[in-house]
Amino acid sequence: MPAVDDAIIVSAAARAAEPTPAAVEPPVPLVSAVAAEALAVEAASVAEAEAASVAEAEAVVAEAEAEAVAAEAIAEAAIADAELAAVETSVASGTAVKPEAETSAAPALVPASPQPAAAPQPAAPAKPETIALQVSGLTKSFGGQHAVDAIDLTVPAGSFYGIVGPNGAGKTTTLSMIAGLLKPDEGTITVCGVDARNNTRAARRLIGVLPDRLRTFDRLTGKQLLSYFGALRGLHARTVDERVADLARAFDLTEALGRVVSDYSAGMTKKIMMAGALIHSPRVLILDEPFESVDPVSSTVILDILTAYVNNGGTVILSSHGMDLVERVCSRLAVIVAGQVLAEGTIEAVRGGVTLEQRFVELSGGVSDAEGLEWLHTYSA
1 MPAVDDAIIV SAAARAAEPT PAAVEPPVPL VSAVAAEALA VEAASVAEAE AASVAEAEAV
61 VAEAEAEAVA AEAIAEAAIA DAELAAVETS VASGTAVKPE AETSAAPALV PASPQPAAAP
121 QPAAPAKPET IALQVSGLTK SFGGQHAVDA IDLTVPAGSF YGIVGPNGAG KTTTLSMIAG
181 LLKPDEGTIT VCGVDARNNT RAARRLIGVL PDRLRTFDRL TGKQLLSYFG ALRGLHARTV
241 DERVADLARA FDLTEALGRV VSDYSAGMTK KIMMAGALIH SPRVLILDEP FESVDPVSST
301 VILDILTAYV NNGGTVILSS HGMDLVERVC SRLAVIVAGQ VLAEGTIEAV RGGVTLEQRF
361 VELSGGVSDA EGLEWLHTYS A
């Protein structure tokens with residue numbers, strides 16, 4: 001056979017041996033949702049092991065909650081980045097990529113059918129007499145001591161509901177379990193008809209959360225942070241941009257959007273985090289000390305936004321040490337002392353003919369004994 005034919009055969013064999021290009025697959029996220037949940041469980045376990053008292057337990061729980069939220073956020077962001085990279089790669093190569101179903105591990109960053117932008121209001125007004133939150137027998141212990149002891153709560157939709165109590169009473173632990181940040185030992189939680197313990201992800205989609213101890217990605221600008229929250233909730237980029245602008249205008253943060261959050265004041269940080277809690281239009285908003293470190297003008301702005309939210313069917317559950325605020329804003333409340341609900345109902349029913357502050361002091365154990373401090377009045381020479 002001629003040498004040229006041999007060369008052709010060798011060339012053809014070489015081409016046949018070349019590997020066929022593999023189908024484009026989305027990058028594997030560095031952190032999985034399962035790993036994030038494992039981190040959350042581990043963080044909560046550390047809190048249980050280290051807490052020596054209810055007050056100490058709540059401080060440790062707050063750290064665990066923040067770590068769990070950060071871990072889950074990192075996991076969901078990684079998944080979202082992987083999905084976006086897959087879409088971009090498929091467009092470049094001409095290969096169609098089928099979007100994930102709504103029940104996938106994380107909401108799609110680029111939905112197949114973008115929805116038109118809408119103002120950050122609840123998806124649909126709640127019907128009268130419907131229940132936004134039902135809690136029954138909710139219990140949580142740390143180191144053998146009950147932080148929350150068989151709590152029952154019923155929160156009507158379209159209302160302000162207050163949770164008050166002294167420091168270490170179990171308020172933050174209760175709100176953390178309702179928000180899905182902490183696993184209860186016992187009890188049931190139902191959010192707008194969804195069993196939060198058996199369907200945690202679906203329940204979380206209905207909830208917006210503002211924690212008491214704020215920890216955020218403060219190296220991001222305000223706009224980047226809000227856009228990040230919107231992307232994690234699966235909102236289309238155009239919807240996110242419009243809602244960021246709407247929320248910044250409403251919270252008087254437009255000029256601050258380009259600044260990094262670490263340069264914000266405590267009040268501004270509170271407002272940007274509240275805007276992030278609202279960006280996906282939740283049905284239930286959980287606010288732990290929402291007006292702490294906020295000036296009177298900003299407090300009025302926040303209250304106006306929340307009032308409009310409730311009037312359109314949203315539900316606000318807030319904890320506060322400001323009895324005047326709770327008495328003025330909330331239609332119902334629960335007084336929690338030592339992990340138990342000592343009083344629950346309408347404001348009028350709970351206060352029983354006295355001011356809410358007087359009733360709160362009475363239920364909390366009264367004023368401490370100041371006797372024995374006469375030396376304090378002698379002053380130093």
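Heads up: the sequence shown begins at 1 in the UniProt record's numbering, then just goes up one per residue.
Ideal Cβ placement from N, Cα and C applies to all residues, glycine included.
Quick check on residue 395: does DSSP put it in helix, strand or coil? The question about residue 395 has no answer here: the residues shown for the chain are numbered 1 through 381.
Whole-Å CB distance - Ala130 paired with Ala157, under 8 angstroms assumed:
The residue you call residue 130 lines up with position 130 of the sequence shown. The residue you call residue 157 lines up with position 157 of the sequence shown. Note that residue 130 is Thr in the sequence shown, not Ala. Thr130 to Ala157, Cβ: 4 angstroms. Contact.
Let's see if you can read the secondary structure: which residues bound the beta strand (DSSP E) around Asp304? As a position in the sequence shown, residue 304 is number 304, starting the count at 1. Premise fails: Asp304 lies in the alpha helix (DSSP H), Pro296 to Asn311, not in any beta strand (DSSP E).
*Taking 8 angstroms as the threshold, find out whether the region 178 to 196 comes into contact with the region 140 to 148 through three or more Cβ pairs.*
yes
(Q) Residues in the same chain with beta-carbon distance under 7 angstroms from Glu327, minus the five sequence neighbours each way, listed in chain order, please. (A) What you label residue 327 is simply residue 327 of the sequence shown in a count that begins at 1. Taken in chain order, the residues that qualify are Ile347 and Leu356.
Quick one: give me the first and last residue of the alpha helix (DSSP H) that Gly267 is part of.
Here residue 267 refers to the residue found at position 267 of the sequence shown. Ala266 to Leu278 is the extent of the alpha helix (DSSP H) around Gly267.
Report task. Buried or exposed for Leu373, please, with buried defined as at least 16 other CB atoms from any protein chain shown within 10 angstroms of its CB. Result -> For the purposes of this step, residue 373 is taken as residue 373 along the sequence shown, with counting starting at 1. Exposed, because fewer than 16 other Cβ atoms sit within 10 Å of the Cβ of Leu373.
Margin query: Quick check: the Cα distance between Asp149 and Leu318, rounded to an integer number of angstroms?
Written below: Here residue 149 is taken as the residue at index 149 of the sequence shown, counted from 1. Here residue 318 is taken as the residue at index 318 of the sequence shown, counted from 1. The C-alpha of Asp149 lies about 20 angstroms from the C-alpha of Leu318.
What would DSSP say about Lys171, mapped onto helix, strand or coil? Here residue 171 corresponds to residue number 171 of the sequence shown, with the count starting at 1. It is helical.
Discussion item. For a test of the three-state rule: what should DSSP assign to Leu257, helix, strand or coil?
Written reply: Within the sequence shown, the letter at position 257 stands for residue 257. It is coil, neither helix nor strand.
Worksheet item: What are the boundary residues of the beta strand (DSSP E) that includes Leu318?
Response: As a working mapping, residue 318 is identified with position 318 in the sequence shown. Counting along the chain, the beta strand (DSSP E) containing Leu318 begins and ends at Thr315 to Ser319.
- Does the Cβ-Cβ distance between Val194 and Leu133 come in under 8 angstroms? Locating residue 194 in the sequence shown gives position 194, where the first residue counts as 1. Locating residue 133 in the sequence shown gives position 133, where the first residue counts as 1. Their beta carbons are not under 8 angstroms apart, which means Val194 does not touch Leu133 by this criterion.
*Give every residue of the same chain whose Cβ lies closer than 7 angstroms to the Cβ of Ser227, excluding the five residues on either side of it in the sequence, and list them in chain order.*
Position 227 of the sequence shown, counting from 1, holds the residue named residue 227. Here the set comprises Val240 and Val244.
Requested in this report: Following the continuous alpha helix (DSSP H) through Thr239, name the residue where it begins and the one where it ends.
Outcome: Translated into positions along the sequence shown, residue 239 becomes position 239. That run of the alpha helix (DSSP H) goes Ala237 to Ala250.
Checklist entry - Whose CA, out of Gly144, Gly165 and Asp152, lies closest to the CA of Val361? => result Within the sequence shown, the letter at position 361 stands for residue 361. Closest by alpha carbon: Gly165.
Alpha carbon to alpha carbon, what distance is there between Leu220 and Val329? As a first step, residue 329 must be located in the sequence shown, where it is residue number 329. As a first step, residue 220 must be located in the sequence shown, where it is residue number 220. Computed Cα separation, rounded: 33 angstroms.
Worksheet item: So, using beta-carbon positions, are Gly314 and Leu287 closer together than 8 angstroms?
Response: Translated into the one-based positions of the sequence shown, residue 314 becomes position 314. Translated into the one-based positions of the sequence shown, residue 287 becomes position 287. Cβ atoms of Gly314 and Leu287: not closer than 8 angstroms.
- Going along the chain, which residues of its own chain have a beta-carbon closer than 6 angstroms to the beta-carbon of Met274, five neighbours each way excluded? Here residue 274 refers to the residue found at position 274 when the sequence shown is read from its first residue. Closer than 6 angstroms at the Cβ level, and outside the excluded window around Met274, lie Leu210.
_Thr254 to Ile207 span [Cα, whole Å]_ = On the sequence shown, position 254 is the one that residue 254 refers to. On the sequence shown, position 207 is the one that residue 207 refers to. Taking the straight line joining both Cα atoms gives about 25 angstroms.
CB Leu247 to CB Leu278, shorter than 8 angstroms?
Taking the sequence shown and counting its residues from 1, one reaches residue 247 at position 247. Taking the sequence shown and counting its residues from 1, one reaches residue 278 at position 278. For Leu247 and Leu278, yes; Cβs fall inside 8 angstroms.
Checklist line | Start-to-end residues for the beta strand (DSSP E) that takes in Asp152 | finding: Mapped onto the sequence shown, residue 152 falls at position 152. From DSSP, the beta strand (DSSP E) with Asp152 extends over Gln145 to Pro156.
Check: Hey, Val316 and Val310: beta-carbon distance below 8 angstroms or not?
Finding: Locating residue 316 in the sequence shown gives position 316, where the first residue counts as 1. Locating residue 310 in the sequence shown gives position 310, where the first residue counts as 1. Closer than 8 angstroms, so yes.
Roughly how many angstroms lie between the CA atoms of Arg215 and Trp375, to the nearest whole one? For the purposes of this step, residue 215 is identified with residue 215 of the sequence shown, where counting begins at 1. For the purposes of this step, residue 375 is identified with residue 375 of the sequence shown, where counting begins at 1. Rounded to whole angstroms, Arg215 to Trp375 spans 42 angstroms at the Cα level.
Notebook entry, point to check: Are the CB atoms of Gly162 and Ser364 nearer to each other than 8 angstroms?
Noted result: For the purposes of this step, residue 162 is taken as residue 162 along the sequence shown, with counting starting at 1. For the purposes of this step, residue 364 is taken as residue 364 along the sequence shown, with counting starting at 1. Cβ distance not < 8 angstroms, so Gly162 and Ser364 don't count as in contact.
Practice problem: Would you please verify whether the beta carbon of Ser298 is less than 8 angstroms from any beta carbon of chain C? | Solution: The chain labelled as chain C is not found in the depicted structure, where only one protein chain is given.
In whole angstroms, what separates the C-alpha of Pro282 from that of Glu289?
Here residue 282 refers to the residue found at position 282 when the sequence shown is read from its first residue. Here residue 289 refers to the residue found at position 289 when the sequence shown is read from its first residue. Looking at the two C-alpha atoms, the distance is approximately 19 angstroms.
| query | Below 8 angstroms between beta carbons: does that hold for Gly339 and Ala179? | reply | Walking along the sequence shown from the start, residue 339 turns up at place 339. Walking along the sequence shown from the start, residue 179 turns up at place 179. Going by C-beta atoms, Gly339 is not nearer than 8 angstroms to Ala179.
Open item on the list: Can you tell me whether Thr378 is buried or exposed? The criterion is at least 16 other CB atoms within 10 Å of its CB, across all chains shown.
Closed with: Here residue 378 corresponds to residue number 378 of the sequence shown, with the count starting at 1. Classification for Thr378: exposed.
Checklist entry - Residues in its own chain within less than 6 angstroms of Ala266 by CB, not counting five upstream and five downstream? => result Against the sequence shown, residue 266 aligns to sequence position 266. Taken in chain order, the residues that qualify are Ser293.
- Query: Taking the alpha-carbon positions, what's the Gly222 to Ala237 distance?
  - Reply: Translated into the one-based positions of the sequence shown, residue 222 becomes position 222. Translated into the one-based positions of the sequence shown, residue 237 becomes position 237. In this structure, the alpha-carbon of Gly222 lies about 16 angstroms from that of Ala237.
| query | Quick one: Cα of Gly322 to Cα of Arg259, how far? | reply | What you label residue 322 is simply residue 322 of the sequence shown in a count that begins at 1. What you label residue 259 is simply residue 259 of the sequence shown in a count that begins at 1. Their Cα atoms are separated by approximately 31 angstroms.
Is Val326 helix, strand or coil by DSSP?
Walking along the sequence shown from the start, residue 326 turns up at place 326. Three-state result, Val326: helix.
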